[in-house]
Amino acid sequence: MVLMKKLRKAKREAPPGEKPEPIRTHLRNMIIVPEMIGSIIGVYNGKTFNQVEIKLEMINHYLAEFSISYKPEMIICGV
Numbered sequence: 002m003v004l005m006k007k008l009r010k011a012k013r014e015a016p017p018g019e020k021p022e023p024i025r026t027h028l029r030n031m032i033i034v035p036e037m038i039g040s041i042i043g044v045y046n047g048k049t050f051n052q053v054e055i056k057l058e059m060i061n062h063y064l065a066e067f068s069i070s071y072k073p074e075m076i077i078c079g080v
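If you want it as C-alpha cells, here you go:
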C-alpha cells in the first residue's frame, strides 16, 4: 500500500531522535498496524488535515477515530 511505503520512507529519512515528517492521507478507513507506531499522519476530516501521532494504544483502531469529521452540537434542554 502506498501509505505504508510513505510512512517507512519518512521514518527512514528522519534524523535519529526526531519525529518523522507528517504524511497526509484521506484513508480514514485504514486500520492502524504496529508498523505505524511513532509516525505522524495527517488524517483528512472533510475540511482540514488533523495531525495524529500514532501510539501503541491506537493499534487495531481506524484512523478516522482520531480525526473527528463533525462539529459536536450542544443541546440545551428546557429552553
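Numbering-wise, the working numbering puts 2 at position 1 of the sequence shown, and it's gapless, one number per residue. Glycine included, each C-beta is placed from N, C-alpha and C at the ideal position. These figures come from a predicted structure and were not determined experimentally.
With distance defined between alpha-carbon atoms, name the residue in the options nearest to residue i.
{"i": "S40", "options": "I76, V3 and P23", "result": "P23"}
I believe residue i touches residue j by the beta-carbon criterion, under 8 Å. Please report the beta-carbon distance rounded to the nearest angstrom.
{"i": "I33", "j": "I69", "result": "Actually they are not in contact, since the Cβ atoms of I33 and I69 sit about 16 Å apart, beyond 8 Å."}
{"i": "R13", "j": "L64", "result": "Going by Cβ atoms, the distance from R13 to L64 rounds to 21 Å, so no, they are not a contact pair."}
{"i": "H27", "j": "Y45", "result": "5 Å"}
{"i": "M31", "j": "L57", "result": "With 8 Å as the limit, M31 and L57 do not qualify as a contact, their Cβ atoms being about 17 Å apart."}
Using 10 angstroms around the beta-carbon of residue i, count the other beta-carbons present and answer buried if the total reaches 16, otherwise exposed.
{"i": "P17", "result": "exposed"}
{"i": "M37", "result": "buried"}
{"i": "I42", "result": "buried"}
{"i": "L8", "result": "buried"}
{"i": "I77", "result": "exposed"}
Which partner residues does residue i have in the DSSP bridge list?
{"i": "T49", "result": "Answer by DSSP bridge pairing: none, since T49 is not bridged."}
{"i": "E54", "result": "I41"}
{"i": "I32", "result": "Y63"}
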